[in-house]
Amino acid sequence: MNNTDRPSSRSALRRLLLVAAVVLGVLVYAYGWRVTDISLEETQDPIRQDSVTRALRELLSPDIFDQDRTSEFVYAAIALGCPEDGTPIEQPAAEPGKPQVTVSPDCGRGGDVITVQGTGFAPHADVFLRWIPPSGQSRPLVRTDVDDSGNFTTRFEIPRIRGSQGETHRLEIEESWPVSLPYFSATTRTVIEKIIETIFLALMATTIAVPIAAILSFLAARNLMRQVQLPLGNVLVGFILLPVGWVLGVTLLSPVATLGMAWGKELWLGLVGPLIALAGYALVDRSVNNVELSLHSLGYHARRIGMNILLLVITVFVIGALGGLGIWLGERLQVGLLADLGNFLGTLGRLIELVITLITGAGAAFFAASVGMELTRDGLKVLTGTPSHIVGGILGAIGGALLFAGLALIANIAALLTLLLPIMTAILGMQVVIMIFNRAVKPTVLAEGDARQTARLIVGIAGAVIAFFLAYDLLETGRGLVDGRLPSSLTWDVLGYQVQSIVAKAALVGGVLSGVGGLLAGTRAIFPLGLTIYNVTRTILNALRSIEPLIMGIVFVIWVGVGPFAGVLALTLHGIAALGKLYSEQTENIDPGPLEAIQATGANRLQTIVYGVVPQIIPPYIAFTMYRWDINVRMSTIIGFVGGGGIGFLLQQQINLLRYQDAGVAVLAIAIVVSALDYASATIRERMV
Amino acid sequence: MLKIEHLTKIYDNGVMALNDVSFEVPDGQFVVIIGLSGSGKSTLLRCINRLIDPTAGRILWNDIDITAATDEELRLIRRRIGMIFQQFNLVKRSSVLTNVLSGRLGYTNPLWSLINYFPRSEREKALEKLERVGIREKAHNRADELSGGQQQRVGIARALMQEPELMLADEPVASLDPATSHSVMKYLELLNKEDGLTVLCSLHFLSLARTYADRIIALKEGRLMFDGLPEDIDDERFKAIYGEDAVRVEIA
């Protein structure tokens, strides 16, 4: 019995659950119905129906074309309020050869219907009727057509005009006919101008975003980054040297950049200088590389580092010279067609002038890090056992202090960013606690397996939570998160320097925590540098992508003012994030075989990417670039609503002025351009992939 | 001389692909590695040029410890070790010539190679290698326009660009038909006999192994099962390597 009972009771339960789920679903849906204000009454309101019909009709009657017309005017008199004695109103004298009209009745009150009859008009001409009060604005009444024999009959309502009782008003009948071919209306011409601006806005945003996104996409590709693993000691040395390199780069390389700039502005020096520099580099490179040096000799390292310093200096010089050249050309090319080119080159040159310090700093920082990693590699490899852990602890403490001090400086930008410190503390805390767990709980106590995994996870999460709240308490996070204030500007006296208290405190927390971590891990522990970079890049891209371009547009309008430039910046920023993700997914999908093969030939990492990855990703990258341009055109049509230029701005103005016929032209233009691009990009994508 | 000492590889998912494998290969030998799929053949070959990092054990090549090499040293070691693959692993959209030239990347100036510039001498050498494998006229075709056998020959030419002393071949003929298989194996044999290259080649078919090998090494579940001359593999050993149910398949 039991055996037969159980399935039926189970299926009954299942049925009940299904019913409950359906009921719940309907309830959720009903809630949604309410919060989104879905109402049938609004749709049936006759006034609203009337307005929407009119708006739609006007939108669908776009004012695309104009035509020159000639008009002739005839007048009739109508009294507002009929005379007591019923005498007819005196009409203007009919001129011979001109059309004639009769009105009946010739008097009335607001709202009365009057019939107008005309004779002697040009067949098929357009007729407009206007009401002209004795004083004030004339009002359009109706529009009608003249029949084959030159007659027309129409009716209109007398407009309700306040305070003009008893006066005689005039009825203007305008007969008009076209005398030219149709041509684009002024609205159309503005729309065309703006739609071109829109297309270029999208083009600029796409082209600026593409190279940046392409570079970032490699950092956000898991398959490429996963392989990048280094001993912790090396990573820490590199990290510690980043700020050192930055300072050195900014102080020592900036003069080189300035020199390049100065030469560039002299045209000939600007053209010849970089060429000589590059040729010189090639020459030195060729001659020194002919000497065979053993891999571990000082000479080998000295040569590599020397050549790289030379390359860095020459690169900075060349970039500076190109910037200077751009500025020089920008000042000279001012005429005609070349003016645009001059403006473009000049702006690029000034852009280089602006960011050259950043370039030199970043370049030198990464260079210093890589040199430090290379030089200490052999040394750190020798360290084992306790010394390795002690050195790990010291390096960890310095690195952690630097990282946290940096995060504290970032926290000064905005209150929400103060959260970075406790989050980082939690990540570090989790790692440290897991390392302690691995050491304290020997596999003999709890064998490797699911139970140990679970225990490790629980301990790790506990460590993260505790670390988070400790840091929350210590590092003024509440102040930022709850009160929305920036970190306090109080300073601590550190070795005679005045240091902002949060920076000092963060450095202390980070130093202690990373110090413990480094001590436990030792310099030989493998650090997943690639995955770390991958995760950071992905997080930033995802965060950026989730901010709508319209919101970015608002911020950029505040920065650079209303106009297409703000739109370009907003769409560029969003495009970088979106394309970065799409590109990196394509890179993750490549065939790993060629990569492996090229790696096996002894190619370095960059060569492996250029020869193994790039040929595989070019078609999908082109396809997604087209797709993005398509999206950008679509987005740039509305970015104007927040002041980002393009046709959206015009459309918004037309709608605000209730000029729906003009808006219709803009909507039509958007539809044509978007669907054309849609088609073009689909075709190109089809061919490429 | 290539020395494999107690080589063990445990993957992150816990699979033990190699279990304490040791053997030595004198220079100039043609060694064929046989075994079922998943027996660790590919892992073994990939450990030798460190496409896979072994978990334990050492690999010594001409007294250099490959397992301890840094990235920079590893690049210099890899230059002298050619490798060909079951799926050929060519960059399909690149030209045959570019594929062959990419075998030279370890030697060229990195900066020049990034803009796809190779000196004339290297280009000529690439054409020479293509001549040697009999497909010089295909140099400017796209790699994916070639047949499987031709693609594998491009793979060999690419490896030859490295001027290797050791050639690793990971199931080089598993994706090819029998006739083409033999032609590809003949090229490997030629390199072994004429140029004195040491060849380590993994194969599925015992018959192919018998034809070309100086020596056969058999792996089963990551362990070394057999190491000896091709003619020493009798029915009993065959069953031990391939399992009780296995039937010999001859490949003509």
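Chains H and F supply the protein sequences, listed in that same order.
If you're matching positions, the first sequence starts at 1 in our numbering and goes up one per residue.
If you're matching positions, the second sequence starts at 1 in our numbering and goes up one per residue.
C-beta: ideal position from N, C-alpha, C; glycine also.
Note that the structure is a prediction, hence the values are computed from the model and not measured.
- Comparing alpha-carbon positions, the option among I427/H, A455/H, L428/H and A426/H lying closest to F437/H turns out to be A455/H.
- Among the residues facing chain F, T601/H is included, as its CB has a counterpart in that chain under 8 Å away.
- For G106/F, the closest Cβ of chain H is nearer than 8 Å.
- Look at R377/H: its C-beta is under 8 Å from a C-beta on chain F.
- Distances from the alpha-carbon of M435/H to those of V103/H, V459/H, L259/H and D450/H put V459/H closest.
- Here S113/F is buried: its Cβ has 16 or more other Cβ atoms, across all protein chains shown, within 10 Å.
- For N89/F, the chain H residues whose C-beta falls within less than 7 Å of its own C-beta are G593, P594, E596 and A597, listed in chain order.
- Beta-bridge analysis with DSSP links F30/F to V199/F.
- In this model, A362/H and L248/H are separated by some 10 Å (Cα to Cα).
- For the alpha helix (DSSP H) assignment, the segment 312-376 of chain H encloses no uninterrupted run of at least 4 residues.
- The beta carbon of P564/H does not come within 8 Å of any beta carbon belonging to chain F, so the residue lies off that interface.
- Per the Cβ contact rule, the segment 312-329 of chain H is in contact with the segment 345-354 of chain H (3 or more Cβ pairs under 8 Å).
- Between G222/F and A17/F, the gap from beta carbon to beta carbon is short of 8 Å.
- Between L90/F and P594/H, the CB-CB gap stays under 8 Å.
- Between T198/H and G646/H, the C-beta spacing is below 8 Å.
- Each residue's CA atom was taken as its position, placing P54/F and V21/F some 11 Å apart.
- Counting only runs that start and end inside the segment 219-243 of chain F, the alpha helix (DSSP H) elements of at least 4 residues fall at 235-242.
- The way I'd put it, the segment 394-409 of chain H doesn't touch the segment 527-541 of chain H; fewer than three beta-carbon pairs between them come closer than 8 Å.
- Counting C-beta pairs closer than 8 Å gives three or more between the segment 116-128 of chain H and the segment 139-150 of chain H, which meets the contact rule.
- Relative to R377/H, the option among S675/H, T418/H, G238/H and I319/H whose CA is nearest is G238/H.
- When secondary structure is reduced to three states using DSSP, L490/H falls in the coil class, being assigned neither helix nor strand.
- In chain order, F317 and G320 place their CB closer than 8 Å to the CB of L259/H, counting only its own chain and leaving out the 5 sequence neighbours on each side.
- Closest option to S104/H, judged by alpha-carbon separation, among P88/H, P92/H and G97/H: P88/H.
- Rounded to the nearest angstrom, the Cβ distance from Q652/H to D63/H is 17 Å, too far for a contact under 8 Å.
- I158/H and G110/H do touch by the CB rule: their CB atoms are close to 5 Å apart, below 8 Å.
- One thing to note: L146/F has its Cβ no nearer than 8 Å to the Cβ of R136/F.
- L232/H is positioned such that its CB atom lies no closer than 8 Å to that of G515/H.
- Look at the segment 129-159 of chain F: the residues with a C-beta under 9 Å from a C-beta of chain H are G155, R158 and A159.
- In the three-state reduction of the DSSP assignment, K138/F falls in the helix class.
- In the same chain as L80/H, and ignoring 5 residues on each side of it, the C-beta atoms closer than 8 Å to its own belong to C107, G108, R109, G110, I158, I161, S164, Q165, G166, E167, T168 and H169, in chain order.
- The alpha carbon of S217/H has as its nearest neighbour, out of V665/H, V667/H and E588/H, the alpha carbon of E588/H.
- In the DSSP assignment, N632/H falls within the alpha helix (DSSP H) that extends over V614 to I639.
- If you look at F73/H, you'll find it in the beta strand (DSSP E) that goes R69 to L80.
- Chain order gives no chain F residues near G640/H, where near means a beta carbon separation below 8 Å; the closest approach is about 40 Å.
- Nearest C-alpha to W492/H among L508/H, G484/H, S9/H and V482/H: L508/H.
- When DSSP assignments are scanned along the segment 47-127 of chain H, the uninterrupted stretches of beta strand (DSSP E) that are 3 or more residues long and fall wholly within it turn out to be 69-80, 100-104 and 113-119.
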